[in-house]
Amino acid sequence: MTTHAPDEIETAEQGEPGVSPMSGAAAALRLLLGLAVVSVVFVMLGWGILLLVILAIIVMVLLHEFGHYLTAKRSGMKVTEFFVGFGPRLWSVRKGETEYGVKAIPAGGYCRIIGMTSAEEVHPSDEPRAYRNQAFPKRIIVASAGSAMHLVIAFLLAFGALALIGRPDPSIVVVSSFLDLGGAATTPAQSAGVAPGDRIVAIDGQTISSSSQMSKVVHRSSGRPLTVTVERVGKERELTVTPIDGRTVTIDGQPLAPTTGPSRGYLGVSLTEGSSRLGPWAALTQSGSIVAQATSGAVTGIIHLFSPSGLTHYANQVAHPTATGSSASSSPQSGRPESIIGAVRTADQAAHAGALPLIEVFISLNIFIGVINMLPMLPLDGGHVAIAAYEWVRTRRGRPRYQADVTKMMPVVYAFLAFLLVLVSTSMYLDIAHPAANPFR
64 MTTHAPDEIE
74 TAEQGEPGVS
84 PMSGAAAALR
94 LLLGLAVVSV
104 VFVMLGWGIL
114 LLVILAIIVM
124 VLLHEFGHYL
134 TAKRSGMKVT
144 EFFVGFGPRL
154 WSVRKGETEY
164 GVKAIPAGGY
174 CRIIGMTSAE
184 EVHPSDEPRA
194 YRNQAFPKRI
204 IVASAGSAMH
214 LVIAFLLAFG
224 ALALIGRPDP
234 SIVVVSSFLD
244 LGGAATTPAQ
254 SAGVAPGDRI
264 VAIDGQTISS
274 SSQMSKVVHR
284 SSGRPLTVTV
294 ERVGKERELT
304 VTPIDGRTVT
314 IDGQPLAPTT
324 GPSRGYLGVS
334 LTEGSSRLGP
344 WAALTQSGSI
354 VAQATSGAVT
364 GIIHLFSPSG
374 LTHYANQVAH
384 PTATGSSASS
394 SPQSGRPESI
404 IGAVRTADQA
414 AHAGALPLIE
424 VFISLNIFIG
434 VINMLPMLPL
444 DGGHVAIAAY
454 EWVRTRRGRP
464 RYQADVTKMM
474 PVVYAFLAFL
484 LVLVSTSMYL
494 DIAHPAANPF
504 R
């Protein structure tokens, strides 16, 4: 593979006649200043989490393109550009034969490998390093590397979540918040020193393994002090809590417990499931299972979406979004694909719900993008894989390599692009005018 010396670094503008050597540094400074201003505006508007979600999606796009870039470089192909965004160039730097940079429209990114199709013009000296002239296994690996990277990201996210955060465990009872008991200043739990995030380990020595079990114990102990063992930051402590009689508490004019029945105790807490971490090996196997199941679900959803019934249902949603209740769901399985606007909104909603919901959304998003990118149609990655496989089948031993005429495929490609344009624009319309309901409420 032909490369330049590692220290041969220059800005793209420096390679142009009549441009000051400082123009690259100035462009970088302007870009950083612009990003800083945008970040400050987001934070001031209270959109800090949204900003982090957008950055995470940009990183996801970068990793997709990095998959193509790395495998192409390893295969000896020539990569001339690696950019985040599209449109006008904001900043770039050239290292060796590749220009790296940022463009104005942050709607994706791209990695330009020369000779991706038979119709592309390539300088004769670069022909040996063109994608189209490489061995079939190399071409298939490079073309599918972006989608494979999404599966790797999904696997690592699942592994990290299981090993570091844990999975929901109904046997772990955690205090999520305190209830408003008829306007009282504090609840019995607050008065005893219970805090949100505490895990209820035991009550009067009886191990608590479910929220329903805890409720039964508390309900039958009205007015009787209970020794509640909680776990906080890895340490256990015992607190004495006396449940209040629900018949004496009025919320919105209604008693908390029936006044004609027996007394029923309440601590004034809202409970939620905790999570339990898995060991490395268990997390490894569970992560593989999660990715496999999510991939199967994504394939099923895409098949449904592109089926006649799925397309008819989606067209009806676009034409009558309110009547069809499109705002109630937004997933490929339901026939309602999300645009980038909807994906960012869903991820932002998940982030407000917690780390695990956010990770689950990004696992699903990565797998869905990885699967849909492998559809056997240009300009998607799967289209290049399909062409490489077709040329391999058509090439006879001892004869020159068969090369598919991409120009003959262009009418189908243009029709597919038109279909994608309609799909993207209508999904954006639905996500803006009729957004999906928050699934995390």
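As numbered in the working numbering, residues 64 to 504 make up the sequence shown, in order.
Every residue gets a Cβ at the ideal spot worked out from N, C-alpha and C, and that includes glycine.
Predicted model only: the values in this text are computed from it and were never measured.
Nearest to residue i (by Cα), restricted to the options the options
i, options, result
"Leu334", "Leu289, Gly351, Gly260", "Gly260"
"Ile263", "Glu336, Pro318, Gly309", "Glu336"
"Ala258", "Met277, Glu294, Leu227", "Glu294"
"Val291", "Ile307, Lys279, Gly268, Ala361", "Gly268"
"Asp494", "Phe222, Arg399, Leu483", "Arg399"
"Ser339", "Thr313, Val236, Lys279", "Val236"
"Gly360", "Ala499, Leu428, Thr250", "Leu428"
"Gly229", "Ile307, Gln349, Val448", "Gln349"
"Gly256", "Gly245, Glu301, Arg283", "Glu301"
"Arg327", "Gly316, Thr311, Val104", "Thr311"
"Asp308", "Val296, His127, Leu330", "Leu330"
"Trp344", "Pro306, Ala221, Arg287", "Ala221"
"Leu484", "Phe503, Ser285, Ser402, Ile120", "Ser402"
"Leu126", "Ala355, Gly171, Lys201", "Gly171"
"Pro502", "Leu153, Thr385, Gly351, Val424", "Val424"
"Gln253", "Leu486, Ser285, Ala208, Val332", "Val332"
"Glu160", "Pro169, Arg152, Arg192", "Arg192"
N- and C-terminal bounds of the alpha helix (DSSP H) containing residue i
i, result
"Asp411", "403-416"
"Ala467", "Neither: Ala467 is in no alpha helix (DSSP H) and is coded neither H nor E."
"Leu51", "Only positions 64 to 504 of the chain appear in the structure, and residue 51 is not among them; the question remains open."
"Leu115", "111-137"
"Ala217", "199-223"
"Ile365", "343-368"
"Val456", "444-457"
"Val281", "274-282"
Residue i vs residue j beta-carbon contact at 9 Å
i, j, result
"Ala167", "Phe145", "no"
"Val142", "Leu94", "no"
"Leu413", "Leu115", "The sequence given here has Ala at residue 413, not Leu. Their beta carbons are not under 9 Å apart, which means Ala413 does not touch Leu115 by this criterion."
"Pro318", "Thr305", "no"
"Leu341", "Ala226", "yes"
"Pro420", "His497", "no"
"Ile426", "Met491", "no"
Burial state of residue i (16 or more Cβ within 10 Å)
i, result
"Thr303", "exposed"
"Gly81", "Its pLDDT being 41, under 50, Gly81 is placed unreliably in this model, and the value from its coordinates should be taken loosely. Gly81 comes out exposed."
"Ile366", "exposed"
"Glu162", "buried"
"Gly373", "buried"
"Tyr132", "buried"
"Gly178", "buried"
"Thr380", "Position check: residue 380 holds Gln in this sequence, whereas Thr was assumed. Gln380 is buried by the Cβ-count criterion."
"Leu443", "buried"
"Gly111", "exposed"
"Met473", "exposed"
"Val354", "buried"
"Met107", "exposed"
Limits of the beta strand (DSSP E) - the one that residue i falls within
i, result
"Glu160", "That residue, Glu160, is in no beta strand (DSSP E); it is neither H nor E in DSSP."
"Thr292", "289-295"
"Pro13", "Lying outside 64 to 504, the shown extent of the chain, residue 13 is not represented and no answer is given."
"Leu302", "298-304"
* Segment contact, 8 Å Cβ cut-off, at least three pairs: the region 127-145 with the region 196-206 -> yes
* Evaluate the contact criterion for the region 211-221 versus the region 229-245: three or more CB pairs, one atom per stretch, below 8 Å. => no
* Evaluate the contact criterion for the region 169-188 versus the region 468-476: three or more CB pairs, one atom per stretch, below 8 Å. => yes
* To do: State whether the region 404-418 contacts the region 433-441, with contact taken as three or more CB pairs (one from each stretch) at a distance under 8 Å.
  => no
* Can you find at least 3 beta carbon pairs, one from the region 447-454 and one from the region 417-432, that sit closer than 8 Å? -> no
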